[in-house]
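Asks: The opening position of the sequence shown corresponds to residue 1 in UniProt numbering, with each subsequent residue numbered one higher. Just so you know, even glycine gets a beta-carbon here, dropped at the ideal spot from N, CA and C.
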Amino acid sequence: MCELYCPVDALYVAPEVEPLESVDEQALAEAGLLGSYRKNIGWGRDRTTEAKQDATFQLLKQIK
């Protein structure tokens with residue numbers, strides 16, 4: 001939830017469960033990972049969700 005609520009997209013919560021030895025913030029920024037969760041779900045000003053582009057969503061939409 002921290003990543004969602006950060007208004008400046010300064011957080012990236014890694015999906016790995018093991019503690020990271022070191023974090024290269026510049027590499028995260030260059031890879032576009034800072035705030036990526038927020039962006040993908042459309043949370044924040046002037047954003048729309050990208051969930052509708054998800055393959056599972058498209059498949060379920062066709063089934064209905």
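(1) Nearest-angstrom Cα distance between L28 and A14?
(2) For D24 and P7, I'd like the C-alpha separation in whole angstroms.
(3) So what's E21 in DSSP terms, helix, strand or just coil?
(4) Do E3 and Y12 have their C-beta atoms within less than 8 Å of each other?
(5) Ends of the alpha helix (DSSP H) at C2?
(6) With 16 other CB atoms within 10 Å as the buried threshold, where does G35 fall?
Replies: Here's the rundown:
(1) 10 Å
(2) 21 Å
(3) coil
(4) yes
(5) C2 to Y5
(6) buried
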